[in-house]
Amino acid sequence: LESKANAPPPKSFRLPSEVMKFSVYMIEKYGEDYKAMAKDPKNYYQDTPAVIRRKINRFKNTPCQWNGYLRTKGLIEGEPKPDEYHIDINEITN
Numbered sequence: 061l062e063s064k065a066n067a068p069p070p071k072s073f074r075l076p077s078e079v080m081k082f083s084v085y086m087i088e089k090y091g092e093d094y095k096a097m098a099k100d101p102k103n104y105y106q107d108t109p110a111v112i113r114r115k116i117n118r119f120k121n122t123p124c125q126w127n128g129y130l131r132t133k134g135l136i137e138g139e140p141k142p143d144e145y146h147i148d149i150n151e152i153t154n
């Protein structure tokens with residue numbers, strides 16, 4: 061019991077909000093078409109399709125943010141977890 065109390069809390073990795081919003085915007089607009097994403101005017105850093113794919117995969121592998129996105133889309137039911145991120149798709153896509 062003491063060892064559990066003295067152990068550091070588990071780290072919850074989160075992407076910067078800019079990367080998360082970029083990923084949500086691109087997924088909403090283009091789905092899985094990474095070449096089209098690379099040509100989008102909101103691709104400010106002129107990322108290549110491969111870099112965009114890595115960013116989106118990193119977003120998908122961040123459970124607290126990805127699950128928040130899926131819950132917003134209505135693809136996950138139930139109560140959100142305390143660390144789950146709330147995503148407003150309308151704010152991002154407009």
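Sequential numbering from 61 applies to the sequence shown in the numbering used here. Where is the CB? At the ideal position from N, CA and C, for every residue including glycine. Values in this document were obtained by computation on a predicted structure and should not be read as measured data.
Among Glu137, Ser72, Ser63 and Leu61, which one has its Cα closest to the Cα of Asn121? It is Ser72.
If you run the structure through DSSP and keep just helix, strand and coil, what is Arg74? Reduced to three states, the DSSP call for Arg74 is coil.
Once you ignore the five residues that flank Cys124 on each side, which residues in its own chain have a CB closer than 7 Å to its CB? Excluding sequence neighbours, Cys124 sits near Ser72, Arg74, Asp143, Glu144 and Tyr145.
Since Pro109 and Tyr94 are thought to touch, with beta carbons under 8 Å apart, how far apart are those beta carbons, to the nearest angstrom? Under the criterion of beta carbons closer than 8 Å, Pro109 and Tyr94 qualify as touching, at roughly 4 Å.
Around the C-beta of Ser83, are 16 or more other C-beta atoms found within 10 angstroms, so that it is buried, or is it exposed? Its Cβ being crowded by 16 or more others within 10 Å, Ser83 is buried.
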